[in-house]
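Each remark here refers to the structure printed beneath this line.
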């Protein structure tokens, strides 16, 4: 019977008690001895108790043992499950929290983790330079839907803009990228509060397009004030293309790369209308933006006007640069001119010569940051002026300089 005692010991009973219980059941067959001895031990009976189980008693004992065994197993499994859950929760908290308790979030662009307090400012300037070393998959190019307006169309009219979808061009460009980060989502929400008709896109890394930034009434008032104002007047200019232009604010000396005091102050009708709306968009780059220089350009399609491709001087103007399209539509071409990463600039890298054509409708604001500001040139061909006349208002922050940077 020693092997039966060993079996009971393995089941968790004391050897001495198991031995006495087995002895008290001697003479029975092996299965009955095991069941009866286990019943004696479970009931706490002392040694020497003699009992001859009947057939029904054996079945009852087996059933009780099975229930107790199942309950014990369930209890153990529940404890293990709870321990596992607690362990996973601790690991998750340890991954997402610093010792001080600051929460972290993953950047949706470069996939690196940053404190929650820094994630928005990081995402705004992140263009993927910190991404994994695995090269991104090649994005298939698509045909660009171009726009050609009839000469007699009214600037900015529905007829003019609806003709855009009827023509196609063989020029290829990369698809529009619509970011999903928190900063972009916040800008969309903010823009809707400014104007429910406003639409936001990002066709080039760092270039934000806000359609319907102004209402038609605000556009009419702004254009009327600019055109009726005689000081400063519109003059024929040939710098960066042929067009009419005028300037307000600080004087930017392009030859000496020097910024001097203002010659013509920024008009109140301009700053009071535009500054609050730009600030309300909520982009981190606009939080400290203070416009102190602006220039207006009037394009006449029939006079061969255009804007030469260029990158705004990085010494004379800070980031961002804001541009407002008024009184007509055009297509502006962005061309990558630099594939290296500029010092202090997030993102970078791409094929030099890559072109993206962006449709600028009347009342559209574009904001140039990051790559769009520094790694892409921008310009307008005469055939891309989609209205007989168009006015462009560019606003910059240009700190006055104390030395030349030639």
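In the UniProt record's numbering, the protein residues as written are 1 to 406. C-beta: ideal position from N, C-alpha, C; glycine also.
- Within the same chain, 124, 319, 320, 369 come within 7 Å of residue 285 by CB-CB distance, once the 5 residues on both sides are set aside.
- Distance from residue 324 to residue 223 at the Cβ level is roughly 10 Å; contact not present, criterion being Cβ atoms closer than 8 Å.
- Leaving aside the five residues that flank residue 25 on each side, the residues in its chain whose CB is nearer than 6 Å to its CB run, in chain order, 33, 36, 37.
- Residue pairing of residue 243 in beta bridges, as defined by DSSP: 237.
- For residue 330 against residue 385, the beta-carbon gap comes to about 5 Å, under 8 Å, which counts as contact.
- Taken in chain order, the unbroken stretches of beta strand (DSSP E) that lie wholly in the region 332–395 and span 3 residues or more are 355–360, 364–368, 376–380.
- Between residue 312 and residue 373, the C-beta spacing is below 9 Å.
- Between the beta-carbon of residue 392 and that of residue 297 there is about 5 Å, and that keeps the pair under the 8 Å contact cut.
- For residue 293, the closest C-alpha among the options 12, 306, 395 is that of 395.
- Around the C-beta of residue 310, fewer than 16 other C-beta atoms lie within 10 Å, and the residue is accordingly described as exposed.
- In this structure, DSSP gives residue 273 a helical state, which the three-state scheme calls helix.
- The C-beta of residue 201 has 16 or more other C-beta atoms within 10 Å across all chains shown, which makes the residue buried.
- In the three-state reduction of the DSSP assignment, residue 293 falls in the strand class, which pools E and B.
- Residue pairing from DSSP places residue 209 in a beta bridge opposite 201, 366.
- Note that the C-beta distance between residue 363 and residue 213 is below 9 Å.
- With a cutoff of 9 Å on beta-carbon distance, residue 390 and residue 269 are scored as not near each other.
- Distance check between residue 265 and each of 304, 250, 259 places 250 closest, using alpha-carbon atoms only.
- Annotation note: the region 279–325 contains no uninterrupted alpha helix (DSSP H) run of length 4 or greater.
- Here residue 351 is not near residue 334, since their CB atoms are 9 Å or more apart.
- Spanning the alpha carbons of residue 302 and residue 112 requires a straight line of approximately 51 Å.
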